[in-house]
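Engineer: Residue numbers (the UniProt record's numbering), protein chains in the order written: chain A, 1 to 553; chain B, 1 to 203.
1. Measure how close the beta-carbons of residue 250 of chain A and residue 193 of chain A come, nearest whole angstrom, since I'm counting them as under 8 angstroms.
2. Can you tell me the Cα-Cα spacing of residue 31 of chain B and residue 179 of chain A, whole angstroms?
3. Measuring only between beta-carbons, confirm whether residue 135 of chain B sits less than 7 angstroms from chain A.
4. Under three-state DSSP, which class holds residue 75 of chain B?
5. In whole angstroms, what is the alpha-carbon distance linking residue 80 of chain B and residue 71 of chain A?
6. Could you check whether the Cβ of residue 1 of chain B sits closer than 7 angstroms to any Cβ belonging to chain A?
7. Taking three-plus beta-carbon pairs below 8 angstroms as touching, is the segment 136-143 of chain A in contact with the segment 504-511 of chain A?
8. Does residue 481 of chain A come out as helix, strand or coil in the three-state DSSP assignment?
9. Find the residues of chain A that neighbour residue 156 of chain B, judging by a C-beta separation of less than 8 angstroms, and give them in chain order.
10. Cutting at 7 angstroms between CB atoms, please list the residues of its own chain near residue 362 of chain A, excluding the five before and the five after it.
11. Please confirm whether residue 38 of chain B has its beta-carbon closer than 7 angstroms to some beta-carbon of chain A.
12. Identify, in the order they occur along the chain, each residue of the same chain with its Cβ nearer than 7 angstroms to the Cβ of residue 178 of chain B, setting aside the five sequence neighbours on each side.
13. Between residue 245 of chain A and the rest of its own chain, which residues show a CB-CB distance below 7 angstroms, the 5 nearest in sequence each way excluded?
14. Would you report the Cα separation of residue 113 of chain B and residue 84 of chain B, rounded to the nearest angstrom?
15. Using the Cα positions of residue 7 of chain A and residue 331 of chain A, report the straight-line distance between them to the nearest angstrom.
16. Below 8 angstroms, how does it come out for the segment 192-206 of chain A and the segment 69-87 of chain A: are there three or more Cβ pairs, yes or no?
17. Express the C-alpha separation of residue 104 of chain A and residue 482 of chain A in angstroms, rounding to a whole number.
18. Would you report the Cα separation of residue 1 of chain B and residue 20 of chain B, rounded to the nearest angstrom?
19. Of all the options A/339, A/406, A/346, A/91, which has the alpha carbon lying nearest to the alpha carbon of residue 228 of chain A?
20. Could you tell me if residue 268 of chain A is buried or exposed, where buried requires 16 or more neighbouring beta carbons within 10 angstroms of its beta carbon?
21. Does the beta carbon of residue 472 of chain A come closer than 7 angstroms to any beta carbon on chain B?
22. Please report whether the beta-carbon of residue 193 of chain B lies at a distance below 7 angstroms from any beta-carbon of chain A.
23. Just the C-alpha distance for residue 51 of chain A and residue 489 of chain A, rounded to the nearest angstrom, thanks.
24. Comparing the C-beta of residue 153 of chain B with each C-beta of chain A, is any distance below 7 angstroms?
25. For residue 545 of chain A, collect the residues of the same chain with a Cβ closer than 6 angstroms to its Cβ; drop the 5 residues on either side in sequence, then sort them by chain order.
26. Within its chain, find whatever has a CB closer than 8 angstroms to the CB of residue 519 of chain A; leave out the 5 residues flanking it on each side and keep chain order.
27. Ignoring anything shorter than 4 residues, give me the alpha helix (DSSP H) runs that lie fully in the segment 273-345 of chain A, in order along the chain.
28. Output, in chain order, the set of chain A residues within a Cβ distance shorter than 9 angstroms of residue 174 of chain B.
29. Could you tell me which chain A residues have their CB closer than 7 angstroms to the CB of residue 57 of chain B, listed as they occur along the chain?
30. In or out: residue 163 of chain A buried (at least 16 other Cβ within 10 Å) or exposed?
31. Tell me, please, whether the CB atom of residue 542 of chain A is closer than 7 angstroms to any CB atom in chain B?
32. Return the chain-ordered list of same chain residues with a C-beta closer than 8 angstroms to the C-beta of residue 17 of chain A, the five sequence neighbours on each side being excluded.
33. Can you tell me whether DSSP reads residue 161 of chain A as helix, strand or coil?
34. Could you check if residue 43 of chain B is buried or exposed, using at least 16 other CB atoms within 10 Å of its CB as the buried criterion?
35. Can you give the Cα-Cα distance for residue 99 of chain A and residue 264 of chain A, rounded to whole angstroms?
36. Any beta-carbon of chain A closer than 7 angstroms to the one on residue 92 of chain B?
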């Protein structure tokens, strides 16, 4: 079979699997967040927390709970890393330095999973399992909760109430993430991923030297790392490590898990606002951008422009033999178009355009389909902007799903959109102005600049992948990227919840002949255009200095 | 103490308790449950797919190894060689070179690798495949392409006193196609192949 045909079949299998599953899963998630009943284990958790899951929250209360839970998460994770030598199963590793511990805590709580450490040589099993992997669950559940709160803002009227954060958080973990992660983890072990509590295990090789094989609860962390669009690898090589991602099947499963919840949430959205076709319009916009990026990156990697790649006869530097260019490109796009950041090949060694598209995927705001929850609320904010622009064109007050998009709503949407570019461009400019930026580059020239730009883009958009030649473990980068991750996660949430609150208070406007039909392909087109124009205008100059300059030189 | 400070304190306390109980559920019960099932149902895989030779553990079929001469950085001609590795196949330091596709350092590395692979195997540089001259992502890639195995067979046969046909048969037996016929790329497992080669050479 030719490689191209195999890659097309893989793409069809992936899309087919997502198409099959997104409906039942989307409907199930809508039921989970609408149900009035509590499972027994949930009641027990609410008792431990001391929260009343039936108490409705207005947006400020919902936001306070999100921030309190996340702040506690950062402190807890920081403390655990600083004290890891005193905890069991430390494997003899030292405590993590303060700046790196802050960076890592911010990273995992913000669903970024940027890693300035190397897992196999820094983190004990307990820190990974009860610290980092726990945030893989709860930071994902927080993302979905905020998205659901926004959807309720559209669905509800004449109330300011957006639901109960504790109930949304616990249900996301117990009813959605845990069962899927459990089944997937077992499938990963069946493919060859390891799952034990051993440390390094020494063997004597046939060629007469010693090799140290690692152990650890890898599969359980791998499953939720992809499912929750987290991306923090148990090992430094992330999902290219054969113990995390042993073969072609596990690779496809991991890509499927990355895309599963983000795509399915569009169905949940449609269901909860009472028109599944509204969800399909959003899904179509996400799917179109994702598919276009898959094609561009795959073609670029196969064509392998670049002196070194040409000389070698292919762009296989930083790629695994069992995956090759096609499966690596599909993974790379899926991980950067969501907020995952797991990698099965190193993007730094991709061709200029291939690597540039992964960078662009994050700059789009990770909304095609985006992170769990964050992708949906990001795309809905863009939809609000698209509705507003369409309204301006025909000269009437814009409305979306029966809610008026007025000054207040547009202010929140605009603030949301401005947060990440300010952090990305501000952070990159600061690093380049100081000696720190240049010192951190592995590559020279335009590609070196791309490494710095990629780092701040990845952090601020909560992706976590890297042009990993970038030497990120310095106090300057640990601190500034740590702050970018926190601000890039929680500031947008403030605006999303404020927007949700302002929408929920409104009385719906009945649809008339003049209402923009937001469930039609025309609107999907406007939405995609809107996403590209906003991002393009913001980031084009920076992209021109990095991947475009490299690719065209 | 005013009421807003009190309510913030109450909220933080609730958040802390929520984190603890969710840590118990997702950080303790979940990984233990996965480990229990994994160890019972897939014992060998869950413990790292360890390969044994004459009853002794010699590595993992999923983790690539260095096939250099003992205590040297020169490749051992009796063994099939794997891809270039950024860490000398040390699983304690995984990850790639991170060099870009046009990077001058990478150009130099590739040029050198092409020349040395061609000379080592006595083949023209034009037939050296891409995986033989590019570093993997993990630095412990356990596989090579069938093409890279192919250019090594003549040397392997000569050095081990085997016929080229016998070596080729061994390579075929350790070549896997794409998973399920369409996932990933065809690949040859170097450790398993070398273990089989050693057994054949002993007989």
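Cβ coordinates follow ideal geometry from the N, Cα and C atoms, glycine included.
Because the structure is a prediction, the values reported are computed rather than measured.
Structural biologist: Well, looking at it:
1. 7 angstroms
2. 12 angstroms
3. yes
4. strand
5. 53 angstroms
6. Per-residue confidence for residue 1 of chain B stands at a pLDDT of 49, beneath the threshold of 50, marking its modelled position as unreliable; the derived number appears in the next sentence. Contacts with chain A at 7 angstroms (Cβ-Cβ) do not include residue 1 of chain B.
7. no
8. Assignment of residue 481 of chain A by DSSP, reduced to helix, strand and coil, places it in the helix class.
9. Chain A residues near residue 156 of chain B: none, gap ~14 angstroms exceeds 8 angstroms.
10. 336, 457, 458, 461, 463
11. yes
12. 184, 185, 186
13. 239, 251, 254, 344
14. 8 angstroms
15. 12 angstroms
16. no
17. 8 angstroms
18. Low local confidence applies: a pLDDT of 49 at residue 1 of chain B is under 50, so the model's placement there is unreliable, with the coordinate-based value given in what follows. Straight-line Cα distance between these residues: approximately 27 angstroms.
19. A/339
20. buried
21. Not an interface residue.
22. no
23. 25 angstroms
24. no
25. Contacts found: 449.
26. 275, 277, 278, 280, 281
27. 276-303, 307-312, 324-337
28. Chain-order list of chain A residues neighbouring residue 174 of chain B: empty, with the shortest C-beta distance near 13 angstroms, by a criterion of under 9 angstroms.
29. 203
30. Under this definition residue 163 of chain A is a buried residue.
31. no
32. Only 256 meet the Cβ criterion.
33. Looking at residue 161 of chain A - three-state DSSP - the assignment turns out to be strand.
34. exposed
35. 37 angstroms
36. yes
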